[in-house]
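**Q** Pasting a structure here, questions to come.
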Amino acid sequence: MGALDRLEARPLARACTGRSSRTRLCAALRQTRPCGSTARASPGAARLRRGALCGEPGARSTHTAPARALRRAALRWHGRERIRNESDGVRARRRAVEGTVNEIELRVALVAGAVVVVLGVLWLRSFLRARRRAALLREPLPPEWRELLAERVPLYRRMPEELRREMEPKVRAFLEDVRFVGCGGLEVTDEMRLVIAWQACVLIARRDPGVYASLASVLVYPDEFVVEESEEDEAGVVTEGTRVLSGQTFDTDRIVLSWRDVCESSAPGDAYNVVLHEFAHYLDHTVGNALSDASSRLRALEEWHAVLEREYEALCSAVERGEDTLIDPYGAEDPAEFFAVATETFFELPAEMEQRHPRLYVELQKFYGLDPARW
């Protein structure tokens with residue numbers, strides 16, 4: 000640009016007071032032409048350059064507009080892609096959660112189904128067992144069983160026929176519920192089971208058979224057996240040793256018997272019966288305590304405890320003096336043993352007990368609901 004042009008442009012620039020510098024510059028450019036230039040731009044290109052520089056309405060840049068459009072398109076594409084990816088992730092997580100829930104529901108359904116099946120099987124077994132038991136209890140004992148009992152058990156022969164028939168369902172229930180186990184090489188036969196079961200049920204002839212519900216097993220040895228025991232005296236000294244026994248009662252779940260002693264119990268004329276003895280101990284445990292139970296049931300008479308205590312003390316005194324006693328001297332060991340041996344005497348020698356110990360006989364008669372002296 001020449002000096003003249005610069006002079007001409009300078010007033011023109013000053014004349015554009017009040018406009019922005021960019022607007023003034025654009026106005027000056029429109030009134031001037033470049034000097035010394037051999038190349039001339041096309042009018043359209045010039046307009047585009049001037050419009051882009053001056054910011055005229057309708058003018059656009061040949062470089063920035065496509066880039067801006069591309070950026071907007073890219074942003075829109077990335078936004079849609081991000082939304083699509085997020086949607087895919089949400090759907091994937093939802094599918095994973097639904098799959099986990101479905102798996103849990105399936106497992107719960109399988110467990111519930113298994114529980115229902117198990118409960119159904121248990122109920123069915125219980126139902127079938129109860130029905131079989133009811134049908135079994137209605138059946139009388141086979142004739143051969145009755146013949147065996149008449150041959151092997153003196154109590155059976157003495158017992159009234161009506162009472163025998165009443166006891167048969169209880170004997171069947173006992174044989175059904177109680178497991179017999181042979182010990183010391185002994186194989187328990189049906190004859191052994193029947194002989195033991197009948198004598199055990201004599202004690203509950205007038206009682207609910209549920210008294211023996213907690214009895215799980217009867218262990219039978221061929222002969223007397225040895226057990227280890229420990230005793231503590233009043234001074235606190237513990238003495239350990241062994242004892243030879245013909246029978247033993249373990250709380251309420253099992254009873255141990257010697258088969259040889261069971262057979263000897265069948266001898267008439269004595270007051271020895273190991274089955275009656277051990278099952279009397281069982282009643283003592285299950286009923287709570289035979290003496291206190293009878294005392295509560297016979298509270299109106301107020302005789303049970305007083306009579307047994309008096310008879311027990313009399314037996315202890317007779318044993319100390321060395322006198323002959325109808326009741327086994329072993330009963331002087333303690334009140335529990337006295338009750339057991341008194342039960343043996345009550346069933347084995349009822350007439351003699353009624354004569355020599357009438358008050359004790361009456362109390363046992365009330366306790367068992369039986370009167371064997373009249374058989």
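Numbered by numbering that gives the first Met the number 0, the letters in the sequence shown go through residues 0 to 374 in order.
Don't be surprised by glycine CBs; every beta carbon is placed ideally from N, CA and C.
Bear in mind the structure is a predicted one, so any value in this text is a computation, not a measurement.
#1: Below 8 Å CB to CB, which residues in the same chain sit around S316 once its five sequence neighbours on both sides are set aside?
#2: Grab the span of the alpha helix (DSSP H) containing T342 for me, first residue to last.
#3: Going straight from the alpha carbon of Y329 to that of P168, what length do you get?
#4: Are the Cβ atoms of D252 and L214 separated by less than 9 Å?
#5: Report yes if the CB atom of L154 is closer than 9 Å to the CB atom of A279, and no otherwise.
#6: Relative to the alpha-carbon of A339, which residue among Q247, E301, A350 has its alpha-carbon at the smallest distance?
#7: Is it true that the CB of F337 sits closer than 9 Å to the CB of W307?
#8: Can you name the start and end residues of the alpha helix (DSSP H) that I326 belongs to?
#9: Can you tell me whether E170 is buried or exposed, with buried defined as 16 or more other CB within 10 angstroms of its CB?
#10: Can you tell me where the beta strand (DSSP E) holding L369 begins and where it ends?
#11: Beta-carbon separation of C182 and V225 under 9 Å?
#12: Give, in chain order, every unbroken run of the alpha helix (DSSP H) that is at least 4 residues long and sits entirely within the region 213 to 292.
#13: Give the C-beta separation of T241 and E227 to the nearest angstrom, bearing in mind that I take them to be a contact with Cβ-Cβ under 8 Å.
#14: Name the one or two DSSP bridge partners that V180 has.
#15: Measure the C-alpha to C-alpha separation of V194 and E332 and round it to an integer number of angstroms.
#16: Can you tell me whether F366 is buried or exposed? The criterion is at least 16 other CB atoms within 10 Å of its CB, across all chains shown.
#17: Pick out the complete alpha helix (DSSP H) segments inside the region 86 to 164, 4 residues or longer, and give them in chain order.
#18: Contact defined as beta carbons within less than 8 Å: I believe V261 pairs with V274. What is the distance between those atoms, to the nearest angstrom?
#19: Below 7 Å CB to CB, which residues in the same chain sit around R259 once its five sequence neighbours on both sides are set aside?
#20: Could you work out which residue in R130, W197, T63, A66 is closest to R151 when comparing CA atoms only?
#21: Could you tell me the alpha carbon to alpha carbon distance between V286 and V210, rounded to whole angstroms?
#22: State the DSSP-derived secondary structure class of R206, mapped to helix, strand or coil.
#23: Taking only the alpha-carbon atoms, compute the straight-line gap between C53 and A66 and give it to the nearest angstrom.
#24: Quick one: what does DSSP say T63 is sitting in, helix, strand or coil?
#25: Roughly how many whole angstroms lie between the Cα atoms of V361 and P371?
#26: Excluding five sequence neighbours on each side, which residues of the same chain lie with their C-beta closer than 7 Å to the C-beta of A341?
#27: Suppose you measure from the CA of R178 to the CA of V187; what does that come to, to the nearest Å?
#28: So which of R93, D269, S125 has the shortest CA-CA distance to T324?
#29: So F173 and A199 are in contact, right, with Cβ under 8 Å, and what is the actual spacing, rounded?
#30: If you follow the alpha helix (DSSP H) that W197 is part of, which residue opens it and which one closes it?
#31: Which residues in the same chain have their Cβ closer than 6 Å to the Cβ of L127, if we skip the five residues on either side of it in sequence?
#32: In chain order, what residues of the same chain lie with their CB nearer than 6 Å to the CB of L348, ignoring the 5 residues before and after it?
#33: Check whether the Cβ atoms of M166 and W374 lie closer than 9 Å to each other.
#34: Using a threshold of 9 Å, state whether the C-beta atoms of P139 and R164 are closer than that.
**A** Working from what's here:
#1: Once the five neighbours on either side are set aside, S316 has no close Cβ partner at all.
#2: First-last of the alpha helix (DSSP H) with T342: 334 to 347.
#3: Linking Y329 to P168 through their CA atoms gives a straight-line distance of about 34 Å.
#4: Their beta carbons are under 9 Å apart, which means D252 touches L214 by this criterion.
#5: No, the Cβ-Cβ distance between L154 and A279 is not below 9 Å.
#6: The residue with the shortest Cα to Cα distance from A339 is Q247.
#7: The residue asked about is misnamed: residue 307 is Leu in this sequence, not Trp. Going by C-beta atoms, L307 is nearer than 9 Å to F337.
#8: No residue range can be given for I326, since it is assigned to no alpha helix (DSSP H) and is classified by DSSP as neither H nor E.
#9: Note that residue 170 is Val in the sequence shown, not Glu. Classification of V170: buried, given that the 10 Å Cβ count is 16 or more.
#10: Following the DSSP letters along the chain, one finds L369 in no beta strand (DSSP E), marked with neither H nor E.
#11: Cβ atoms of C182 and V225: not closer than 9 Å.
#12: If we require 4 residues or more, the alpha helix (DSSP H) runs fully inside the region 213 to 292 come out as 258 to 263, 273 to 285.
#13: Indeed, because the Cβ distance is near 5 Å, the residues count as touching under 8 Å.
#14: V180 pairs with L218.
#15: C-alpha separation (whole angstroms): 28 Å.
#16: It counts as buried.
#17: Runs of the alpha helix (DSSP H) inside the region 86 to 164: 142 to 151, 153 to 157.
#18: Cβ-Cβ separation between V261 and V274: approximately 6 Å, consistent with a contact (criterion under 8 Å).
#19: Non-local C-beta neighbours of R259 in its own chain, meaning closer than 7 Å and more than five positions away in sequence, comprise P221, D222, ordered along the chain.
#20: Checking every option, the nearest Cα to that of R151 belongs to W197.
#21: Looking at the two C-alpha atoms, the distance is approximately 8 Å.
#22: In the structure shown, R206 sits in coil (DSSP, three-state: anything other than H, G, I, E or B).
#23: Residue placement at C53 cannot be trusted, given a pLDDT of 45 that sits under 50; the coordinates are not used to answer.
#24: Residue state, collapsed to three classes: helix.
#25: Taken atom to atom, the span from the alpha-carbon of V361 to that of P371 is near 11 Å.
#26: Only I326, G330, L359, L363 meet the Cβ criterion.
#27: Each residue's alpha carbon lies about 10 Å from the other.
#28: Nearest to T324 by C-alpha distance, out of R93, D269, S125, is D269.
#29: Indeed they touch by this definition, with Cβ atoms about 6 Å apart.
#30: Note, W197: alpha helix (DSSP H), 189 to 201.
#31: Result list for L127: empty, nothing under 6 Å.
#32: Within the same chain, L348 has close Cβ partners A270.
#33: In this structure, the beta-carbon distance from M166 to W374 does not fall below 9 Å.
#34: Judged by beta-carbon spacing, R164 lies within the 9 Å limit of P139, meaning their Cβ atoms are closer than that value.
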